[in-house]
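In this note's numbering, the protein residues as written are 10 to 72.
Structure, as structure tokens:
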């Protein structure tokens, strides 16, 4: 994912899905360590539910 897209994704998660900055920071660290995609890491660790995961994927298709 490009840096600009990554920044937009972070803003979407913070503003639209109300993910806490602390949770997002933790997910980003886990994402780097596990080489997983950020949306999947958020879902795997229970930071977003399945409905929110689908919203993220829908959003990613439009960006």
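Where a beta carbon is used, it is the ideal one built from N, C-alpha and C, also for glycine.
Since we're looking at a predicted model, the values are computed, not measured.
Q. DSSP three-state call for residue 56: helix, strand or coil?
A. Of the three classes helix, strand and coil, the one that applies to residue 56 here is coil, per DSSP.
**Q.** Helix, strand or coil at residue 16 [DSSP, three-state]
**A.** If DSSP states are grouped into helix, strand and coil, residue 16 belongs with the helices.
**Q.** C-alpha distance - residue 53 paired with residue 65, whole-angstrom precision
**A.** Rounded to whole angstroms, residue 53 to residue 65 spans 14 Å at the Cα level.
Q) residue 18 and residue 47 look like a contact to me (Cβ under 8 Å); what is the Cβ gap, rounded to whole Å? A) Cβ-Cβ separation between residue 18 and residue 47: approximately 7 Å, consistent with a contact (criterion under 8 Å).
Q) What do you get for residue 89, buried or exposed, if any count of 16 or more other CB atoms within 10 angstroms of its CB means buried? A) A question about residue 89 goes unanswered here, because the residues of the chain that appear run from 10 up to 72.
Q. Residue 62 and residue 28 look like a contact to me (Cβ under 8 Å); what is the Cβ gap, rounded to whole Å?
A. The Cβ separation is near 12 Å, so there is no contact.
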